[in-house]
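**Student:**
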Amino acid sequence: MILWFLKDRRFSVDEAIGKLTKAIKWRHEFKVNELSEDSVKAAAETGKAYVHGFLDLLDPIEDEKLCVFLLEKALSKLPAGQHKILGIFDLRGFGSQNADLKFLTFLFDVFYYYYPSRLDEVLFVDAPFIFQPIWQFTKPVVKSYASLVKFCSVETVRKEYFTEETIPSNFRS
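Following the UniProt record's numbering, the numbering of the sequence shown begins with 1 at its first residue and continues without gaps.
This is the structure we're talking about:
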């Protein structure tokens, strides 16, 4: 864990310690170690998020807890030597009614403060026109992390990120 923070802060020990201290405090307050499949069942049923190939929950919970639980689960499933994950946001059907800026802020904080340098790439799949102002507002806030974002189509996801055997069912033709 210490290495993530050192790499993220370009090996500035003081900056890494500050960020790591904040992350440890947050993990304690958020009770990350207490998250389990049972504790996130409520949100899981909504299908808002899942770890491809791993999630098998059937009931609904709080979105933030589900997010952290899935992140912890995805990181625990990485092969030895691999430390970064791919985030995919399926924006088909996205509209102003489901724009959750509070959750978006939470997500940025999670990856910036508590899981630095853990995202390899973020895909925004089939983002509708209405998403563009949200991204333009958000992009300056996330600074260099914006370079991790790629806007793409479902077809791109199929061809470039999965095989026929591994593609999630909601991205099949």
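Positions of the beta carbon are idealized from the N, C-alpha and C atoms, including for glycine.
Give a yes or no on whether 9 Å exceeds the smallest Cβ distance from PHE89 to chain B.
**Tutor:** Although the question refers to chain B, the structure presented lacks it and comprises just one protein chain.
**Student:** Any chance you could list the alpha helix (DSSP H) runs of at least 4 consecutive residues sitting entirely within the stretch 84–145, in chain order?
**Tutor:** Fully enclosed alpha helix (DSSP H) runs of 4 or longer: 101–109 and 131–142.
**Student:** Determine the closest residue to TYR145 out of ASN170, ARG118 and PHE162, with distance taken between C-alpha atoms.
**Tutor:** The option with the nearest alpha carbon to TYR145 is ARG118.
**Student:** If you draw a straight line from the C-alpha of PHE5 to the C-alpha of GLU121, how long is it?
**Tutor:** Computed Cα separation, rounded: 18 Å.
**Student:** Under 8 Å by Cβ, that's how I've got SER153 and ASP126 pegged, so tell me the actual separation to the nearest angstrom.
**Tutor:** Contact flag correct, Cβ pair sits at about 6 Å.
**Student:** Taking the Cβ atom as the reference point for each residue, do PRO116 and ARG27 lie within a distance shorter than 9 Å?
**Tutor:** Not in contact: PRO116 and ARG27 (Cβ atoms no closer than 9 Å).
**Student:** Would you mind stating whether CYS67 and LEU104 have Cβ atoms separated by less than 9 Å?
**Tutor:** Cβ distance not < 9 Å, so CYS67 and LEU104 don't count as in contact.
**Student:** Could you please give the first and the last residue of the uninterrupted alpha helix (DSSP H) stretch that includes PHE11?
**Tutor:** Taken as a continuous stretch (DSSP letters only), PHE11 belongs to no alpha helix (DSSP H), as it is neither H nor E.
**Student:** Are there 16 or more other CB atoms within 10 angstroms of the CB of LYS65, so buried, or fewer, so exposed?
**Tutor:** Classification for LYS65: buried.
**Student:** Can you give the Cα-Cα distance for ARG92 and TYR113, rounded to whole angstroms?
**Tutor:** Distance between the alpha carbons of ARG92 and TYR113: 29 Å.
**Student:** From the DSSP output, read off the bridge partner residues of LYS41.
**Tutor:** Bridge partners of LYS41: none, in fact.
**Student:** I'd like the list of long-range same chain contacts for LYS139, defined as Cβ closer than 6 Å, with 5 residues on each side in sequence excluded.
**Tutor:** Excluding sequence neighbours, LYS139 sits near ALA146.
**Student:** Does PHE162 come out as helix, strand or coil in the three-state DSSP assignment?
**Tutor:** Coil at PHE162, not helix or strand.
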